[in-house]
Amino acid sequence: MDRLQRSQSLFRLVFVVIWCVFEAKAKADHAVSLQRHRREWIVPPQVLEENVDYTKQSSIARIRSDREDASKGPIRYSLKGIGADQPPYHLFVVEPSTGNVRVTGILDREEIGQYNLSGIATYPDGTVAEADIQLRIKVKDQNDNAPVFLPISTGSVNELSSIGTTVMKLSATDADEPGNINSQIFYEIVDQKPPGERMFSINQKGEVIVARENLDRESIDQYVLTVKASDLNGGPGCKTGMATFNIQVMDVNDNVPKLEQEAFEASIEENTENVEVMRFKTIDNDLANTDNWQAQYNIVSGNGGGHFKIVTDPKTNEGVLMLVKPVDYEEVKDMNLGITVSNVAPYYSGSGSQSVSGVVIAPGGGGGGGGGGGQGGGAGSGGGTGIGGGAGTGITGMGGSGTAGASGKIYNMHVNVKNQPEGPGFIPKVKSIPISENGKMVDITKVLTTYTATDSDTGLPAERVKYVKGSDRDNWLSVDEKTGEIKLNKLPDRESPYLVNGTYMAEILCISQDMPSKTATGTVAIQVEDFNDHCPVLVNKTQPLCTTQEVLYVTAEDKDAFPNAGPFTFTVIPEGTDGKWELEHLSDTTAMLKPIEAPWPGPRQVTLEIFDQQKVSCPDKQVLKVNVCTCDKSGVCATKAGETKGSKLGGAAIGLLLLGLLLLLLIPLLLLLCQCGAAGMVGAFTDMPFDTKEHLISYHTEGQGEDRDVPLLLSDIDGPGMINAGSKGGFGASMAGFGIGAAGAAGAAGVGSYKVSTMNGEVTCIIRWK
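This is the structure we're talking about:
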């Protein structure tokens, strides 16, 4: 029974537990079922097409909140964002009670491509029902815009440019949606001016490129292209934009300059210079006033004497042939010049080559193995012919496979020289006269030479002229004014400073007596042949020699020239030479003098005889004085101790000596001013106020004197007859009468002050010690 009751109680307990569990689960499920299922606020984007009228539709979207609360009243809806409460205002509006969103205008994607709006749910009291909802409205693109070209400057390209050369890059834009076919552009050239063969093309990158390689600036220097840009890649229904562009064809040097004539002829007058002979006009189709058009002229033949030059007129581009050096008709009657013309810029052949082939017309040359007198030119041995034996024109052809002898073309210029009446002239211009400086071989009274002028027109001796000297720096010459005979004024001297390389130069003038007179100048070059009139002598006749030195270098010189100078021969003369010496050859002018025995310090003498190449020596032997000495470490003779030690009287000491002598001379003068004895001084002194015997010791007594006390301090006695003869300084330079010695002694002994007086023939000294 008890077991049964316990079982029932346990069952009831289990049942209660199970019931409680199910009850809790049921309440939980009920609570879950009562929980609000929040809607998704992020509304999928709404897509609206631009340019479509949606204003007639009741709504394009709807926002709705499920947080209805009867106690708070109905929820009210509103929008915010661009297109709602921001510009453009009220393009999108919402029905406050229903949440239906409408559009009030036509949308344009090019203005705004997407609208991001926020929906707001609030209670009537203004409290927010829940968080804002995001409403995105995307505007779908339509092909409603045509391509538009961006501004660009004029393009340019060199003429003769190769195919594919980029000229310029065009760019067009489309306001439609990027990446959409509505904004994909297709380019094409629809027109070209001037019309004709299409010279350019355009790719889909907008790059204008050269389509033909025969661009020629000289034919057409500018093209105008009309380019069309189409969207939809040029497909059906595309919109298009048009624009025109200029392309400037730039000049290159593709035209060879040419002279207006094949040959030219001009005349010049002899003996003229710095004059314009003629002008050449050049034809060049390249752009004017550029390096491709600017001409350069060169004379490539016939101007060996440098008589001509060609300059370019920068304004007209003409070549101006100038005569810069006078021409003598008697020497040259005509001249043939070869002239070439080129540009400042190198020639453009399209491949970088700068060469130009053409026919060459060269002056002279004649026959020979090739054209123009050379080996090249035409093929074979008959490439050219010569006309006039060199004075004519030789033409180098291009027969067979031969090439032209030069680049470009050579134009012939024939220049005739006109004769002018000329004055006299010396032939030769410089007359050389060799002469010896040996006076025995030269007679200055005889005519040295005759130097006359010649008539340049007839070639005969000039008449009605006179001769005078021009430059004659050392007055060596005299000239006969009628005959032109030249004589010497003095014997020539090769060692004269007026000689240059052994030659004396002087000028002789020939002056015509015509009106106006003309003057010709001739030069006389007197080549003085050296005569052995000088002997070799020592350069240095005194030299030091260290006791440790083994050699002494002896050098000689000779004012004569080769072969009357070196090499020299040196010989030691024992007579007149101290010690034993030997010589060794070193060079043409120097020998090494070596003492055989080491010499003692002191002066030495070496007598030398020196011979030149002609075995001529000086009558008086050359004496070399050698000072043998002991040298220091630097190799310089050390000075003897006896010579270095000693007393020298300085300038201050000399001045003191002179001052002492002056003082000695002053003493007699002062003595003349003093009056000895009582003469003239009577009444000049007064009696002493004390007894002199108490202070003075008498020394004229016989026998030994007695000791007396002498006061050390004595008072000064001033009065007439007292002479202040000293001062503090102790020199005693002041003195009076015979008291000068006492005063001087007192001053020398260091006395502070002292006085000397004379009375009745006696001298009294009063001394005050320091």
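Take the sequence shown: its letters are residues -28 to -1, 1 to 742, numbered as in mature numbering (1 follows the signal peptide of the UniProt record, and there is no 0).
Using N, Cα and C, we set each Cβ at its ideal position, and we do this for glycine too.
(request) Going by CA-CA distance only, name the one from 43, 313 and 482 that's closest to residue 253. (result) Closest by alpha carbon: 313.
(message) Please state whether the Cβ-Cβ distance between residue 143 and residue 161 is less than 9 angstroms.
(response) No Cβ-Cβ contact shorter than 9 angstroms links residue 143 with residue 161.
(request) Could you pull the start and end residues of the alpha helix (DSSP H) that residue 625 belongs to? (result) Element bounds for residue 625: 623 to 645.
(message) Tell me the DSSP secondary structure of residue -12 in three-state form.
(response) Three-state result, residue -12: helix.
(request) Specify the secondary structure class of residue 206 as computed by DSSP and reduced to three states. (result) In this structure, DSSP gives residue 206 a helical state, which the three-state scheme calls helix.
(message) Run through the DSSP bridge pairs and tell me what residue 518 is partnered with.
(response) 601.
(request) Determine the direct distance from the alpha carbon of residue 407 to that of residue 394, and round the result to whole angstroms. (result) Going by the C-alpha atoms only, they are around 34 angstroms apart.
(request) Would you kindly report the start and end of the unbroken beta strand (DSSP E) that includes residue 220? (result) Looking at the DSSP string, the run of the beta strand (DSSP E) that includes residue 220 is 212 to 222.
(request) Could you pull out every residue in the same chain whose Cβ sits closer than 8 angstroms to the Cβ of residue 604, ignoring the five residues on either side in sequence? (result) Within the same chain, residue 604 has close Cβ partners 610.
(request) Say whether the stretch 476 to 486 touches the stretch 527 to 545, bearing in mind that this needs 3 or more beta-carbon pairs closer than 8 angstroms, one atom from each stretch. (result) Using a C-beta cut-off of 8 angstroms, the stretch 476 to 486 makes no contact with the stretch 527 to 545, since fewer than three inter-stretch Cβ pairs fall below that distance.
(message) Please state whether the Cβ-Cβ distance between residue 117 and residue 82 is less than 9 angstroms.
(response) For the 9 angstroms CB-CB criterion, residue 117 and residue 82 form a contact.
(message) Are the CB atoms of residue 239 and residue 388 within a distance shorter than 9 angstroms?
(response) Contact: yes.
(request) Verify whether the separation of the beta carbon atoms of residue 195 and residue 214 is less than 9 angstroms. (result) Contact flag unset, no.
(message) Would the stretch 427 to 438 count as touching the stretch 508 to 526 if we require 3 or more Cβ pairs under 8 angstroms?
(response) For the pair of segments examined, the stretch 427 to 438 was found not to touch the stretch 508 to 526: the number of CB pairs separated by less than 8 angstroms stays below three.
(message) According to DSSP, simplified to helix, strand and coil, what is residue 399?
(response) Note: residue 399 maps to coil in three-state DSSP.
(request) Compute the beta-carbon to beta-carbon distance between residue 145 and residue 120, rounded to the nearest angstrom, for a pair I have assumed lies under 8 angstroms. (result) Residue 145 to residue 120, Cβ: 6 angstroms. Contact.
(request) Less than 8 angstroms between the CB atoms is what I'm expecting for residue 595 and residue 576, so what's the real figure, rounded? (result) Contact between residue 595 and residue 576 is ruled out by a C-beta separation of about 11 angstroms, above the 8 angstroms threshold.
(request) Output the boundary residues of the beta strand (DSSP E) element that contains residue 743. (result) Because the chain is modelled from -28 through 742, residue 743 falls outside the range shown and cannot be assessed.
(request) Determine the DSSP secondary structure at residue 88, reduced to helix, strand or coil. (result) Residue state, collapsed to three classes: strand.
(request) Give me the Cβ distance between residue 267 and residue 315, rounded to the nearest whole Å; I'm assuming they're in contact under 8 angstroms. (result) That pair is a contact at about 7 angstroms.
(message) Mapping the DSSP letters down to three states, classify residue 20 as helix, strand or coil.
(response) Note: residue 20 maps to strand in three-state DSSP.
(message) Quick check on residue 685: buried or exposed, where buried means 16 or more other Cβ atoms within 10 Å of its Cβ?
(response) Below a pLDDT of 50, predicted positions are generally treated as unreliable, and residue 685, at 45, falls in that range; no measurement from the model is reported.
(message) Could you tell me the alpha carbon to alpha carbon distance between residue 218 and residue 317, rounded to whole angstroms?
(response) Rounded to whole angstroms, residue 218 to residue 317 spans 27 angstroms at the Cα level.
(message) Pairs of beta-carbons, one from the stretch 62 to 69 and one from the stretch 132 to 141, closer than 8 angstroms: are there three or more?
(response) These segments do not touch.
(request) Would you mind reading off the limits of the beta strand (DSSP E) that contains residue 413? (result) Counting along the chain, residue 413 sits inside no beta strand (DSSP E), nor does DSSP assign it H or E at all.
(request) Determine the direct distance from the alpha carbon of residue 573 to that of residue 504, and round the result to whole angstroms. (result) Distance between the alpha carbons of residue 504 and residue 573 is about 40 angstroms.
(request) Pick out whichever of 294, 255, 197 and 207 has its Cα sitting closest to the Cα of residue 246. (result) Ranking the options by Cα distance to residue 246, first place goes to 294.
(request) Can you give me the Cβ contacts of residue 277 inside the same chain, cut-off strictly under 6 angstroms, excluding the 5 residues immediately before and after it? (result) Here the set comprises nothing.
(message) I need the DSSP call for residue -20, collapsed to helix, strand or coil.
(response) In the three-state scheme derived from DSSP, where H, G and I count as helix and E and B as strand, residue -20 is classed as helix.
(message) Quick check on this structure: which residue in 586, 303, 512 and 525 has the alpha carbon closest to the alpha carbon of residue 540?
(response) Answer by Cα proximity: 586.
(request) Spatial neighbours of residue 183 within its chain, please: CB distance less than 7 angstroms, with the 5 preceding and 5 following residues excluded, ordered by chain position. (result) Closer than 7 angstroms at the Cβ level, and outside the excluded window around residue 183, lie 135, 170, 171, 172 and 173.
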